[in-house]
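Numbering (the working numbering), first residue to last: 1 to 823.
We put the beta carbon where it would ideally sit given N, CA and C, even for glycine.
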């Protein structure tokens with residue numbers, strides 16, 4: 001710094017231009033900003049801001065003196081003789097100037113003839129602009145200050161936190177006198193406008209996953225408000241020096257730790273962004289956290305973001321309490337009516353909790369005096385039976401949200417609801433959730449109690465009080481399992497089960513609640529990603545919720561969960577999708593057998609997904625397997641066998657087959673090319689078929705498995721190879737085999753499902769029966785999705801699942817006629 005002063009002194013001695021002076025300063029400023037990260041690494045939160053503020057002070061003082069020398073040369077008058085002063089405003093005035101924030105400077109002067117103050121001011125500003133510093137400036141005479149302060153609340157606020165930098169002390173004394181007048185002017189009006197301003201900022205910038213550290217809830221503006229009101233009422237220079245009955249020193253220590261941390265976060269944010277940035281964006285968190293000494297892995301970033309959220313909540317809490325204590329006599333009556341106050345002083349925490357419960361018959365906001373009582377009252381180390389009973393009553397109340405918000409503000413959610421302990425302030429970096437887990441949970445409960453969708457509201461109102469208690473707990477605890485290694489759906493269900501038992505929820509309802517939490521993301525995922533007109537999709541979804549009551553509850557839970565995620569997540573489009581899924585699922589509830597099959601398929605898919613072999617497949621291959629339309633494959637085969645079949649299909653271009661001839665003959669065929677199945681069965685009609693499975697796979701592939709009652713010789717295996725090969729080349733054949741089937745032995749159900757019809761044939765076992773039936777289907781171009789053929793006690797019991805199309809359901813009489821005709 002001495003070197004810079006010497007350079008400027010030399011320029012002034014040589015009559016250097018203002019631009020040359022600014023250029024020297026600009027180079028120094030660039031060097032200073034280039035080394036700021038090193039300074040930051042060795043400085044505390046406020047300490048770093050003070051150092052930066054004083055660096056700017058030094059630059060301004062040099063510019064002031066340079067302007068003075070430039071104007072007066074060797075005849076520079078005493079500083080106090082020039083009726084002009086440089087005054088810092090805003091964060092610069094509080095010595096909290098962040099590195100890329102605007103420098104709020106006010107130049108105050110008296111317009112006395114002969115002093116050329118305006119020329120002096122112009123010179124100072126020109127040099128400043130040429131240095132490249134981000135300047136926000138005001139120029140006023142002493143006489144203007146009071147009138148200017150009345151034009152805008154922001155100007156008045158800036159003026160009351162002004163600080164002298166350089167110039168005439170006499171002018172500064174006059175400025176202070178003007179500020180004292182400003183400070184005492186319309187105190188009530190000032191407080192009212194600051195409250196209104198704060199309310200608007202909180203509404204615009206709640207504490208989210210990307211909080212606004214300056215203007216958002218719990219940000220610096222909340223802390224500033226305490227200072228501003230304290231300055232107006234007590235002319236105090238800092239919050240700590242406010243009266244002890246307003247700012248408790250233990251509270252202040254907690255507050256100050258949080259504020260110091262946020263000072264460092266904001267400074268790091270400016271350094272990383274390399275510009276003024278008050279929003280802690282998700283993409284900047286890794287670099288900001290690293291600059292603050294956190295590790296590089298996601299867990300470290302989670303710890304950092306969690307601490308930011310917790311610190312913001314601390315600032316919000318104590319700012320509320322202190323500002324209320326400072327301004328209680330200035331608040332309007334209508335504002336006071338908005339709050340719920342403690343009815344009477346009590347030393348029993350449970351008694352105070354019951355006051356909250358009694359107030360929860362309607363929405364309310366807890367008054368800061370109530371929050372302070374909640375914080376300071378002694379509490380049992382653990383929840384006892386009385387407290388658990390109180391919490392059950394709280395969740396039964398129509399507006400539990402209001403009481404839980406009060407407990408959240410007082411940082412007692414983890415105490416009163418132990419399952420929430422690990423998710424308080426827990427970040428969600430999924431790009432979907434706007435809020436930390438505990439805030440999301442509160443918002444979900446709010447939307448459950450304030451349902452805007454009338455159809456869902458009717459479902460909610462149809463539940464009895466015990467069911468509502470259970471569902472409220474489910475809505476609030478559905479994400480309580482996050483932050484662990486295990487799947488949060490299952491951890492959350494376990495936590496819910498333990499807590500619900502403590503609150504006296506019935507076992508039957510607890511089981512329902514566990515199921516809802518297990519699958520709480522399923523409805524939104526299926527509704528937004530799957531084909532809602534695919535019966536397989538609907539059956540798979542509905543298999544998890546086999547009663548109308550459970551379907552109603554998952555619908556309500558999904559609404560609350562999506563509404564609590566963030567703005568416009570539950571909108572008219574998503575509402576329509578979810579409503580469609582709900583209605584489609586209600587329609588299939590009575591189809592018990594098919595729902596049971598869907599349940600078994602879902603369980604098998606779950607087992608399949610857990611295998612290493614499945615995880616090793618590409619995402620496309622996995623999706624192809626999961627979308628196989630045939631339930632038979634999933635119901636009958638093991639995960640290992642399913643993977644073997646599908647892996648073979650991925651490797652096959654046209655067809656592949658295997659022959660097993662140990663205990664009995666089995667042929668397995670995977671084909672994409674057309675297979676003349678009737679030819680194959682005809683050629684093997686001398687062997688008894690005891691079982692045949694046909695499963696439609698994917699990409700045009702089908703799987704055939706034919707089990708016979710006996711084995712064949714080695715010579716016959718060679719002959720069998722030829723038959724199988726020929727069945728892919730021979731397109732048609734002369735019908736050589738007939739079968740005897742009676743009409744009463746054929747049953748067709750075209751209402752089996754929206755997509756498929758089913759045909760059962762129960763007749764005597766006879767040579768060529770399958771060949772005969774399959775040939776008939778091939779002639780009529782009927783596509784078999786699944787076939788299950790089983791022979792027992794000389795009776796063939798065959799089932800064919802067939803795609804609904806004009807060739808089948810429109811020709812059922814013709815099909816039966818052809819199958820039963822005498823040949």
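task: Report the residue from 277, 367, 663 and 706 whose alpha carbon sits nearest the alpha carbon of residue 406.
output: Comparing C-alpha distances from residue 406 to each of 277, 367, 663 and 706 shows the shortest one belongs to 367.
query: How big is the Cα-Cα spacing for residue 330 and residue 143?
result: 29 Å
message: Helix, strand or coil for residue 444? Go by DSSP, reduced to three states.
response: helix
query: Who are residue 84's beta bridge partners in DSSP?
result: 109
- prompt: What is the rounded straight-line gap between the Cα of residue 727 and the Cα of residue 654?
  reply: Separation of residue 727 and residue 654 (C-alpha to C-alpha, rounded to the nearest whole angstrom) is 13 Å.
task: Pair every Cβ in the stretch 502-519 with every Cβ in the stretch 389-403, then say whether three or more of these pairs are closer than 8 Å.
output: yes
query: From the DSSP output, which residues share a beta bridge with residue 820?
result: Answer is none; residue 820 lacks a bridge partner.
- prompt: If you draw a straight line from the C-alpha of residue 827 to the C-alpha of residue 739, how long is it?
  reply: Residue coverage of the chain in this structure runs from 1 to 823, which leaves residue 827 outside it and unanswerable.
field: Closest Cα partner of residue 613 within the set 536, 80, 639 and 471
entry: 639
task: Would you identify the three-state DSSP class for residue 4, choosing helix, strand or coil?
output: helix
- request: Could you tell me which uninterrupted alpha helix (DSSP H) segments, each at least 4 residues in length, are contained entirely in the stretch 663-748, listed from first to last along the chain?
  value: 677-683 and 714-726
- prompt: Can you give, in chain order, each stretch of the beta strand (DSSP E) that sits fully within the stretch 366-404 and has at least 3 residues?
  reply: Counting only runs of 3 or more, we get nothing.
Enclosing beta strand (DSSP E) for residue 564 [first to last residue]: Element bounds for residue 564: n/a, residue is neither H nor E.
message: Counting C-beta neighbours from all protein chains within 10 Å, is the total for residue 83 16 or more, i.e. buried, or is it exposed?
response: buried
- request: Assess, as a yes-or-no matter, whether the stretch 33-52 is touched by the stretch 110-123 under the definition of 3 or more beta carbon pairs within less than 8 Å.
  value: no
task: Entirely within the stretch 262-334 and at least 4 residues each: give me those alpha helix (DSSP H) ranges in chain order.
output: 285-291 and 298-327
Closest residue to residue 770 among 792, 741, 681 and 755 (Cα-Cα distance): 681
message: Taking the alpha-carbon of residue 620 as reference, which of 374, 381, 116 and 646 has the nearest alpha-carbon?
response: 646
query: In angstroms, rounded to a whole number, what distance separates the CA positions of residue 20 and residue 72?
result: Approximately 18 Å between the Cα atoms of the pair.
message: Which same chain residues end up closer than 6 Å to residue 823 when comparing Cβ atoms and leaving out the 5 residues on each side of it in sequence?
response: A caution first: residue 823 carries a pLDDT of 47, below 50, which makes its placement in the model too unreliable to give a value.
- prompt: Excluding the five sequence neighbours on either side, which residues of its own chain have a C-beta within less than 7 Å of the C-beta of residue 774, listed in chain order?
  reply: 677, 678 and 681
message: Rounded to the nearest angstrom, what separates residue 271 and residue 135 at their Cα positions?
response: 18 Å
query: Using 8 Å as the threshold, is the stretch 682-690 in touch with the stretch 790-801, meaning 3 or more CB pairs across them?
result: yes
Inter-residue spacing [alpha-carbon to alpha-carbon] between residue 618 and residue 550: 35 Å
task: Would you mind reading off the limits of the beta strand (DSSP E) that contains residue 136?
output: 135-141
Simplified DSSP state of residue 152, which is helix, strand or coil: coil
query: When DSSP labels each residue in this structure, what does residue 802 get in the three-state scheme?
result: strand
query: What are the uninterrupted segments assigned as alpha helix (DSSP H) that are 4 or more residues long and contained completely in the stretch 471-551, given in chain order?
result: 488-502, 507-518, 522-529 and 535-542
task: Report yes or no: do the stretch 436-452 and the stretch 413-424 share at least 3 C-beta pairs separated by less than 8 Å?
output: Counting Cβ pairs under 8 Å, three or more are found: they touch.
query: If you count every other CB in all the chains shown that lies within 10 Å of the CB of residue 209, and 16 or more means buried, which is it?
result: buried
Span separating the alpha-carbon of residue 815 from that of residue 750: 13 Å
task: Just the C-alpha distance for residue 349 and residue 311, rounded to the nearest angstrom, thanks.
output: About 25 Å.
task: Could you check the C-alpha separation between residue 9 and residue 127 for me, to the nearest Å?
output: 15 Å
task: Could you check which residue in 363, 233 and 403 has the C-alpha nearest to that of residue 323?
output: Comparing Cα positions, the closest option is 233.
query: Does the Cβ-Cβ distance between residue 666 and residue 705 come in under 8 Å?
result: yes
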